[in-house]
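Trainee:
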Amino acid sequence: MGVSGSGKSTVGRLLAEKTGWRFIEGDHYHPAENRAKMAAAEPLNDQDRQPWLASLANVIDRHLQMDRSAVLSCSALKQAYRDQLMRSPEAVHFVYLEGSYELIMSRLKQRTDHFMRLELLQSQFNDLEPPSDALRLAIDQPADTIADQIMKRMQLAPGKAETQVLLDQLMFPEAPRWRDNQLWFTDQHARQVVRVNLQGESQIVAELDDLPGGLGWLPDGRLLVVSMTKRRILTLSDHTLALYADLHKLASFHCNDLLVDPLGRCYAGNFGFDLHGGEAQAPAELILVNRDGEPQLAAEQLIFPNGCALSPDGKTLLVAETFASRITAFTVSAEGSLSQRRLWADLNGAYPDGIALDSQQNLWVAAPNRSRLLLVKEGGEIVREVVPVGDPYACMVGGAEADTLFITSSETDNPEEARRLRSGRIETLKL
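Mapping of the sequence shown onto my numbering: position 64 corresponds to residue 53, and the numbering continues sequentially without gaps.
1) So Glu274 and Ser300 are in contact, right, with Cβ under 8 Å, and what is the actual spacing, rounded?
2) Helix, strand or coil for Gly388 per DSSP?
3) Which runs of the alpha helix (DSSP H) at least 4 residues long sit entirely within the stretch 66 to 108? Give them in chain order.
4) Where does Gln6 fall in DSSP's three states?
5) At what residues does the beta strand (DSSP E) containing Asp246 begin and finish?
6) Can you tell me whether Glu14 is helix, strand or coil according to DSSP?
7) In or out: Ala313 buried (at least 16 other Cβ within 10 Å) or exposed?
8) Taking the alpha-carbon of Asp176 as reference, which of Thr393, Glu390 and Tyr382 has the nearest alpha-carbon?
9) If you draw a straight line from the C-alpha of Glu190 to the C-alpha of Leu156, how long is it?
10) By the three-class DSSP mapping on this structure, what secondary structure does Lys304 have?
11) Which same chain residues end up closer than 6 Å to Gln285 when comparing Cβ atoms and leaving out the 5 residues on each side of it in sequence?
12) For Val215 and Phe293, I'd like the C-alpha separation in whole angstroms.
13) Among all the DSSP beta bridges, which residues are the ones paired with Val354?
14) When you compare the CB positions of Ala123 and Phe83, do they come within less than 7 Å of one another, or not?
15) Over what stretch of residues does the beta strand (DSSP E) that includes Ser121 continue unbroken?
16) Buried or exposed, going by whether 16 or more other CB atoms sit within 10 Å of the CB of Gly148?
17) Ignoring anything shorter than 4 residues, give me the alpha helix (DSSP H) runs that lie fully in the stretch 189 to 233, in order along the chain.
18) Three-state secondary structure (DSSP) at Val376?
19) Under 7 Å between the Cβ atoms of Thr229 and Asp199?
20) Output the boundary residues of the beta strand (DSSP E) element that contains Ser326.
21) Return the bridge partner residues of Gly253 from the DSSP annotation.
22) Could you name the residues that DSSP lists as bridge partners for Gly413?
23) Measuring alpha carbon to alpha carbon, tell me which residue in Arg408, Lys419 and Thr417 is nearest His17.
24) Kindly give me the distance between the Cβ atoms of Arg411 and Met27, rounded to whole angstroms, as I take these residues to be in contact under 8 Å.
25) Using the rule of at least 16 other Cβ atoms within 10 Å of the residue's Cβ for burial, across every protein chain shown, is Ala318 buried or exposed?
26) Measuring only the C-alpha atoms, how far is Leu74 from Asp380?
27) My understanding is that Leu236 touches Leu223, with C-beta atoms under 8 Å, so please give their C-beta distance in whole angstroms.
28) So for Phe312, helix, strand or coil by DSSP?
29) Hey, Met(-10) and Trp167: beta-carbon distance below 7 Å or not?
30) As a quick exercise: from Ser(-7), Arg315 and Thr401, pick the residue whose alpha carbon is nearest that of Ala65.
31) To the nearest whole angstrom, what separates the beta carbons of Gly343 and Asp246, a pair I think is in contact under 8 Å?
32) Determine which residues share a DSSP beta bridge with Val278 and list them.
33) Measuring alpha carbon to alpha carbon, tell me which residue in Arg71, Val375, Ala69 and Arg211 is nearest Ala150.
34) List the DSSP bridge partners of Cys297.
35) Can the beta-carbon of Ser398 be found less than 7 Å from the beta-carbon of Arg414?
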């Protein structure tokens, strides 16, 4: 904590790297009205800061509930603000980065990528109530030295995140697919299809006028992408998107993920209800699109059918029923129809989103409500848990030797927050 320009973000990121914890940039949680006000050189008042503080308190509560450590940077200028963020005296600790007005102003004059205007620094010092119960450190020393002092003074153990970040600053990445030695995915709220190589070099493949959902390829090499709110599947050919299948008569709400089998048959799920609008939960359908592009119902009464995975022999389809906290299996006929619905794994409260089979036919499950990847055996035994940097929403086994788990993660799935925070990442885990 500290006034703007005191180095909170720089020191916070270094501390997160040293501990292996998640870093959370508090500035990203300011509503648009606050950002506009600061950009116009208008100081924020207590009323302006309340929605922001409430959002940060919710972030802290969520981490405490999951017993997960993190580093949060925010100004927290007044004691009343810190009281609001002090959710647990045993688990929440403040570090105050202290510096003179002259030193901080000299730093702000060198910063060109921030919404806060120089004229507001005096107002921050006017509001500042230096804490008496925080670790206080002078900022007239290198940021790495300050981070080391925090580690020593707070007796924090060095650590390392289990995953590596390949690409960040995305809005909400979903539907990872490995093809042609690259990872393809949709950046949902940016309305883009993107691919990235293992060096982190990315390229926009297509831009939609709707939210893109799942991806897949037909046997002839054409890319398919779900147009979520229009409830369609589109095909990309020669840089042009065209209608492949219209699902709106069968899908009860927005479509989401997509699986295309080696024969070119597609399986698409949908929400079933207005999730972000607060509508009551309702069952949904899994839709089969045959090779002629004609859709038909494959299964009904599913609870938010989401990610799908197909066994190597093509005879078993696994479906993540997100809000039922289970993986459901179906037997696939030669024509692609589904039968013999059965429970493959009960996930005991974890919400499965994207899923991917590994070489041993165990299932990687992205469980964003647990902030974990779960490796699950048929029957429900969890054989491994991985904590990525962000909350995982989907995963894919890929790489030249099928030795890498690719993970799409974010701090939020809320559309407005995802666009503002740009906290989406592609993370990797060596298997």
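Heads up, the beta-carbon is just placed ideally off N, CA and C, and yes, glycines get one too.
Mentor: The relevant details are as follows:
1) Within the sequence shown, residue 274 is the residue found at index 285, counting from 1. Within the sequence shown, residue 300 is the residue found at index 311, counting from 1. Rounded, the Cβ-Cβ distance is 22 Å, inconsistent with contact.
2) Along the sequence shown, read from residue 1 onward, the residue named residue 388 stands at position 399. It is coil, neither helix nor strand.
3) Unbroken alpha helix (DSSP H) stretches of 4 residues or longer found wholly inside the stretch 66 to 108: 68 to 74 and 90 to 97, given in chain order.
4) For the purposes of this step, residue 6 is taken as residue 17 along the sequence shown, with counting starting at 1. The sequence given here places Glu at residue 6; Gln does not occur at that position. Three-state DSSP puts Glu6 in a helix.
5) On the sequence shown, residue 246 is found 257 positions in, with the first residue counted as 1. Membership of Asp246 in the beta strand (DSSP E) is indicated by the continuous run Cys244 to Val249.
6) To locate residue 14, count along the sequence shown from 1; it is residue 25. In this structure, Glu14 counts as strand in the three-state DSSP scheme.
7) To locate residue 313, count along the sequence shown from 1; it is residue 324. Note on Ala313: 16 or more other CB atoms within 10 angstroms of its CB, so buried under the neighbour-count rule.
8) Here residue 176 refers to the residue found at position 187 of the sequence shown. From the listed residues Thr393, Glu390 and Tyr382, the smallest Cα separation to Asp176 is found for Tyr382.
9) In the sequence shown, the residue the question calls residue 190 occupies position 201. In the sequence shown, the residue the question calls residue 156 occupies position 167. Going by the C-alpha atoms only, they are around 8 Å apart.
10) Within the sequence shown, numbered from 1, the residue matching residue 304 stands at position 315. Lys304 falls in the coil class under three-state DSSP.
11) Looking up residue 285 in the sequence shown gives position 296. Hits under 6 Å: Leu277.
12) Locating residue 215 in the sequence shown gives position 226, counting from the first residue. Locating residue 293 in the sequence shown gives position 304, counting from the first residue. One C-alpha to the other measures close to 16 Å.
13) For the purposes of this step, residue 354 is taken as residue 365 along the sequence shown, with counting starting at 1. Val354 is bridged by DSSP to Ile344 and Leu363.
14) Counted from its first residue, the sequence shown places residue 123 at position 134. Counted from its first residue, the sequence shown places residue 83 at position 94. Yes; because the gap between Cβ atoms is below 7 Å, this pair is in contact.
15) The count along the sequence shown starts at 1 and reaches residue 121 at position 132. It is not in any beta strand (DSSP E) - Ser121 carries neither H nor E in the DSSP assignment.
16) By 1-based counting over the sequence shown, the position of residue 148 is 159. Exposed.
17) As far as the stretch 189 to 233 is concerned, it has no whole alpha helix (DSSP H) run of at least 4 residues.
18) Against the sequence shown, residue 376 aligns to sequence position 387. Three-state DSSP puts Val376 in coil, outside helix and strand.
19) Here the question's residue 229 lines up with position 240 in the sequence shown. Here the question's residue 199 lines up with position 210 in the sequence shown. For Thr229 and Asp199, no; Cβs fall outside 7 Å.
20) The residue labelled residue 326 in the question sits at position 337 within the sequence shown. Segment: none, Ser326 is in no beta strand (DSSP E) and carries neither H nor E.
21) Translated into the one-based positions of the sequence shown, residue 253 becomes position 264. Residue pairing by DSSP leaves Gly253 without any beta bridge partner.
22) As a first step, residue 413 must be located in the sequence shown, where it is residue number 424. According to DSSP, Gly413 bridges with Leu159.
23) To locate residue 17, count along the sequence shown from 1; it is residue 28. With distances taken between Cα atoms, His17 lies closest to Arg408.
24) Counted from its first residue, the sequence shown places residue 411 at position 422. Counted from its first residue, the sequence shown places residue 27 at position 38. For a cut-off of 8 Å, the C-beta gap from Arg411 to Met27 is around 18 Å, too long to register as a contact.
25) In the sequence shown, the residue the question calls residue 318 occupies position 329. With 16 or more other Cβ atoms within 10 Å, it is buried.
26) Reading the sequence shown from its first residue, position 85 is the one you call residue 74. Reading the sequence shown from its first residue, position 391 is the one you call residue 380. Straight-line measurement puts the Cα of Asp380 at about 22 Å from the Cα of Leu74.
27) Within the sequence shown, the letter at position 247 stands for residue 236. Within the sequence shown, the letter at position 234 stands for residue 223. The Cβ separation is near 11 Å, so there is no contact.
28) Position 323 of the sequence shown, counted from the start, is the residue given in the question as residue 312. Helix, per DSSP.
29) To locate residue -10, count along the sequence shown from 1; it is residue 1. To locate residue 167, count along the sequence shown from 1; it is residue 178. Between Met(-10) and Trp167, the CB-CB gap reaches or exceeds 7 Å.
30) In the sequence shown, the residue the question calls residue 65 occupies position 76. Cα-wise, what sits closest to Ala65 is Ser(-7).
31) Walking along the sequence shown from the start, residue 343 turns up at place 354. Walking along the sequence shown from the start, residue 246 turns up at place 257. Between Asp246 and Gly343 the Cβ distance is about 7 Å, and since that is below 8 Å, they are a contact.
32) The residue labelled residue 278 in the question sits at position 289 within the sequence shown. Partner(s): Cys255 and Pro284.
33) For the purposes of this step, residue 150 is taken as the residue at position 161 of the sequence shown. Cα-wise, what sits closest to Ala150 is Val375.
34) Your numbering for residue 297 matches position 308 in the sequence shown. Val308.
35) The residue labelled residue 398 in the question sits at position 409 within the sequence shown. The residue labelled residue 414 in the question sits at position 425 within the sequence shown. Taking 7 Å as the Cβ cut-off, Ser398 and Arg414 qualify as a contacting pair.
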